[in-house]
Structures are given as structure tokens and as C-alpha cells.
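**Q** Input: one structure, supplied below.
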Ligand code: NAP
Ligand code: ZN
Ligand code: ZN
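In the numbering used here, the protein residues as written are 338 to 683.
Given below as C-alpha cells:
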């Protein structure tokens, strides 16, 4: 099937219209007409080569919602007309211990990501959701309940699951004290989700003008991080930090706000490394760890949780031709709080 999309042709060029063929549906495939696709900062890191060389043309996009327009003959879970989502993965081995534990993102053979990943056929690489259609193995397609604002659901497929997963893993509940570093796409979802789980949320931000929004989104406290003294009042107060900053930053001042044994979870993947000394870990038996998206089963749980609690992303809906401007504004931290592309405009 011929699809319209937007692609990066080099790390330094703008994204431009691109037409290509999607594969014919195999027996276990679902054919999806995309309605909306969010713009994740990972799309920008990838397209611009922050994480290393990429295959071109590169079609990013892994926050996809749409409607089923066809199914392979073995597909039981979906039928034409269903509303569905696709997140960051489209395949995995299905046999290793991590796949069996519903953590396909840590597949020992290597999960196939929605874009810029080699397919198991050994021939092609994946192309993502900045497109009119996508063909995905049924196991990696999520159900989206009817009646939800689909454009605001799209960012849940990455920003939602990536923040939901560590909040659950580290047992956030009523009264937990959670810090969120970076008020962007992932950060604003982390605030909403942590608040819905009963936590008291502190936002750490480099942008003082985001304070009112942070509070509206559910945060109790707001720390402007460019002023070191602002960290003092929080020493040894937090249980958990969700670190979504997209640029390199010193972890030490944040670690010192954790209680003894508290956990700082890295989510952001800056282009440059951070120099790090172990003092704040040693002096507080603290844990510095990381997390990668979430498994398919957990993603479905997150979507159902968000539907029940009416948690959706705050978005700016754009046309395809505005993608390049949206990239520049995201890098500047100027987005409230996720750009979402209307797929009708490809
Ligand atoms: P985003 O919307 O651009 O938000 C990132 C936020 O980071 C910015 O809004 C800004 O917030 C903050 N920031 C920027 N520069 C900073 C600095 N020097 N120090 C501290 N904070 C800084 O990006 P996103 O889409 O939420 O993605 C965030 C990061 O997570 C990206 O690196 C992305 O690739 C990564 N990611 C990882 C996973 C995973 O599975 N681990 C999944 C998705 C995305 P303030 O203005 O409030 O400071
Ligand atoms: Zn993402
Ligand atoms: Zn596996």
C-alpha cells in the first residue's frame, strides 16, 4: 500500500513529504489508518542524529492512534472499525525471558522499534507514524476505548507509558513524594499520572514561566533549578525522581533531594554525557537507574487507567507542514505540552 509521510533525508535537513510502500498485511497484521501522531523528543534526537547515524529516509513517530481498516486472516483481537494505538515497538522475539515476562522492550534478541529498527526479515528497517497508514503485528496493537479525544490520547503511547511504568514499578501511592525533572511532553504526563496515583509532586524546571502550568497540572511545588539555593529546602524529602530532561544536567543536586534509599530514574537520553561523582549516592544509599518505555500489557493497562481517570495529554494540534517548526519549538522547551500531527494533512 502506498502511503504519504514526512521523512528526514539527512541529520541536518528539514523533514519533507515522502511516499513509500507499506508491506501487504500478513496473517497476523493489522492495517491502520492513522488519525494522529504525537511528536516525541526521541523523534527529534533520532532524525537529527543525536544518538548516532540513522537510515534515510527516516520517518519518525511512535505515538500513533487510528482506525483499523484491514486485518490478516489470523487476527482475532481486532476488526475493521476498531480504534487502536501503536507505541514504540512493533515486534520482538516473543520467546526470551523478558518477552515472556511481558517486557518486550528488553527482548534479549532486540525489540523492533516502530521506526529506525531493523525488521526480523533482515531486509528492511521500520518507518514510523508520521504517515497516513501503518501495518503492525496484532500483538503490538493496543485497544483505545470509544469516545476518547483521540488527538490527546496519542501521546499516551510513549509519553504516557514511559512515565506510568516507573511510577508503578517504584510503588507510588497516596502520600508518595515524587519529583519530576523537566516540564515537557513526558514531564507533564508524569505530573498528571503521579497526582492521579495520590502523590505529592514537585516539578524541577529550567523555565520559571512554567510554574503556573505545573500547579495547574497538579504539582504542589515548583523549583526553578538554575538557582542552586532553591534545592535546599527539599534536602532528603523525596521518595522518587522521574528525570525527563532532554539535555545533559548534573544529577547531584537532584539526588540530594531524595530520602535515604530514594530512587532517581533516568528517562531523558541527552545527546551528550553527564560527568558524575558518586557522593550523593554513597551518602544516602540512593539508587540511580533508568527505564525504557513499557511492555505491551502494561501499555494497555496504562491506556485503560487513563481512560478511567480521564487523563489525556495537553496538546497543540498541527498540520504536517508545521513539523519542522514544531521540532525547533520543542528543542527550545516551547510546547504546551505535546505537538500532535493531524494525519489528514500528510
Ligand atoms: P520535551 O517535551 O522536549 O521535554 C524535555 C524537557 O526537558 C524540556 O521541556 C525542559 O523542561 C527540560 N530540559 C531541557 N533542557 C534541560 C536541561 N539542560 N536541564 C534540565 N532540564 C532540561 O521532551 P520529551 O518528549 O518529554 O522527552 C524527554 C526525554 O526523554 C528525551 O530525551 C527523549 O528522548 C527521552 N525519552 C525516553 C524514553 C525512554 O523510554 N527512556 C521514552 C521517551 C522519551 P523545563 O523547561 O521544565 O526545564
Ligand atoms: Zn517517545
Ligand atoms: Zn524476546
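Positions of the beta carbon are idealized from the N, C-alpha and C atoms, including for glycine.
These numbers were taken from a predicted model, which means no experiment stands behind them.
1) Shortest alpha-carbon distance to residue 599 belongs to which of 352, 620, 552 and 585?
2) Say the cut is 7 Å; is the CB of residue 469 nearer than that to a heavy atom of ligand 1?
3) Pull every residue with its beta-carbon under 5 Å away from any heavy atom of ligand 2, and keep them in chain order.
4) How many Å lie between residue 624 and residue 479 at the Cα?
5) In three-state DSSP terms, what is residue 393?
6) Classify residue 597 as buried or exposed, calling it buried when 16 or more other Cβ atoms lie within 10 Å of its own Cβ.
7) Under 8 Å Cβ to Cβ from residue 369, same chain only, skipping five residues before and after it: list those, please.
8) Please go through the same chain and pick out, in chain order, the residues whose beta-carbon is closer than 6 Å to the beta-carbon of residue 615, but skip the five residues on each side of it.
9) Closer than 7 Å to a non-hydrogen atom of ligand 3 - does that hold for the CB of residue 454?
10) Roughly how many angstroms lie between the CA atoms of residue 569 and residue 509, to the nearest whole one?
11) Report the three-state DSSP secondary structure of residue 456 (helix, strand or coil).
12) Quick check: is any heavy atom of ligand 1 less than 7 Å from the C-beta of residue 667?
13) Report the option in 609, 452 and 662 whose CA atom is closest to the CA atom of residue 672.
14) Below 8 Å between beta carbons: does that hold for residue 627 and residue 440?
15) Between the alpha carbons of residue 487 and residue 659, how many angstroms are there, rounded?
16) Just tell me which of 376, 365, 530 and 356 has its CA closest to the CA of residue 675.
17) Please state whether the Cβ-Cβ distance between residue 378 and residue 667 is less than 8 Å.
18) For residue 679 and residue 340, I'd like the C-alpha separation in whole angstroms.
19) For the structure I just gave you, are there three or more beta carbon pairs, one from the stretch 576-590 and one from the stretch 501-519, closer than 8 Å?
20) Does the beta-carbon distance from residue 412 to residue 475 come in below 8 Å?
21) Using a Cβ-Cβ cutoff of less than 6 Å, which residues in the same chain neighbour residue 524 once the five nearest sequence positions on both sides are dropped?
22) For the candidate residues 618, 592 and 587, whose alpha-carbon lies nearest to that of residue 609?
23) Tell me whether residue 382 counts as near ligand 1, meaning its Cβ is closer than 7 Å to at least one heavy atom of that ligand.
24) Please name the residue, chosen from 650, 572, 534 and 425, that lies closest to residue 453 on a Cα-to-Cα basis.
25) Since residue 455 and residue 444 are thought to touch, with beta carbons under 8 Å apart, how far apart are those beta carbons, to the nearest angstrom?
26) What does the alpha-carbon distance come out to for the pair residue 393 and residue 467?
27) Using a Cβ-Cβ cut-off of 7 Å (strictly less than) and excluding sequence neighbours within five positions of residue 360, which residues of its own chain qualify?
28) Taking 7 Å as the cut-off, is the beta-carbon of residue 604 closer than that to any non-hydrogen atom of ligand 1?
29) Per DSSP, which one or two residues make a beta bridge with residue 474?
**A** If we stick to the structure as given:
1) 620
2) no
3) 377, 379 and 495
4) 32 Å
5) coil
6) exposed
7) 401, 403, 404, 405, 406, 421, 423, 470, 471, 472, 473 and 478
8) none
9) no
10) 24 Å
11) coil
12) yes
13) 662
14) no
15) 20 Å
16) 376
17) yes
18) 15 Å
19) yes
20) yes
21) 517 and 581
22) 587
23) yes
24) 425
25) Incorrect: roughly 13 Å between the Cβ atoms, too far for contact.
26) 14 Å
27) 472
28) yes
29) 366
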